[in-house]
Amino acid sequence: MTETLAFGTVDTVLGRLLVAETETGVAALHFRDTPANRARTAKAVGLPVVDAPDRLAPALSALRDFFAGDLKSFETPIDWRLTSDLQRQVLTTLYETVPYGEVVTYGGLGDRSGTEVPAQVIGQVMGSNPIPLIVPCHRVVASNGLGGYSGGTGVEVKRWLLTLEGAIPATLDWDITRAP
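Using my numbering, you'd call the opening residue of the sequence shown number 110 and step up by one each time.
What follows is the structure, given as structure tokens:
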């Protein structure tokens, strides 16, 4: 049987997310559904693209539930093929050990992952995470604040996600129902 890649979208308060999934699991997630994101992902994965809505239904449903505040833990299978060995080790540690509503520092994740790489390298791994949200790089923060975020429109999306999860308190003028 030939492996394939399928794309699906889900509308959220942060916009229309693009999910790319193989038979193994979710291989990529983008904050915007664009032809360029589809083409880049298809080229990187290197598999024929097919229409497979049934394959994508569980992941898209899980993302809808996450944004509704009804899902605390993704059980979605992951296809790690777009990660290096180092990225996979760090991202797997993140996925398995930092639950909904909790945060870890870049340095703390480096220690926890056993990679012995500095916090700056962990930050680079987070910035290159091909499966944000499901592999929750937004839960990794600097020792002196939020740190950066390359998903969506940047650090305000990270703040919004951490507020949704209750990891940081909402400010008086913060409306969680409104996208950053």
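The C-beta atom is built at its ideal place from N, Cα and C for all residues, glycine as well. Just so you know, these numbers come straight off a predicted model, no measurement behind them.
Along the beta strand (DSSP E) that carries residue i, what are the first and last residues, could you check?
i: residue 192; result: No beta strand (DSSP E) holds residue 192; DSSP gives it neither H nor E.
i: residue 132; result: Residue 132 -> no beta strand (DSSP E), and no H or E assigned at all.
i: residue 119; result: 114–121
Assign residue i to one of two classes, buried (16 or more other C-beta atoms within 10 Å of its C-beta) or exposed (fewer than that).
i: residue 162; result: exposed
i: residue 267; result: buried
i: residue 205; result: exposed
i: residue 143; result: exposed
i: residue 122; result: exposed
i: residue 168; result: buried
i: residue 177; result: exposed
i: residue 324; result: The chain is shown only over 110 to 289; residue 324 falls outside these bounds and no answer can be derived.
i: residue 171; result: buried
i: residue 192; result: buried
i: residue 111; result: exposed
Are residue i and residue j closer than 8 Å when you measure CB to CB?
i: residue 187; j: residue 134; result: yes
i: residue 165; j: residue 132; result: no
i: residue 138; j: residue 240; result: yes
i: residue 228; j: residue 219; result: yes
i: residue 230; j: residue 238; result: no
i: residue 221; j: residue 202; result: yes
i: residue 140; j: residue 124; result: yes
i: residue 234; j: residue 199; result: yes
In the DSSP output, what is residue i paired with across the bridge?
i: residue 176; result: DSSP lists no partner for residue 176.
i: residue 138; result: 128
i: residue 251; result: 254
Going along the chain, which residues of its own chain have a beta-carbon closer than 7 Å to the beta-carbon of residue i, five neighbours each way excluded?
i: residue 211; result: 248 and 276
i: residue 264; result: 255, 257 and 258
Going by beta carbon distance, what residues of the same chain come within less than 8 Å of residue i, once the five residues before and after it are set aside?
i: residue 114; result: 129, 130, 131, 136, 150, 151, 154, 156, 157, 158 and 159
i: residue 197; result: 189
Can you name the start and end residues of the alpha helix (DSSP H) that residue i belongs to?
i: residue 264; result: 264–273
i: residue 152; result: 144–154
i: residue 160; result: Run containing residue 160: none; DSSP gives neither H nor E here.
i: residue 212; result: Unbroken run through residue 212: none, as it is neither H nor E.
i: residue 231; result: 228–236
Excluding the five sequence neighbours on either side, which residues of its own chain have a C-beta within less than 6 Å of the C-beta of residue i, listed in chain order?
i: residue 252; result: 214
i: residue 270; result: 247
i: residue 181; result: 209
i: residue 260; result: 140, 241 and 266
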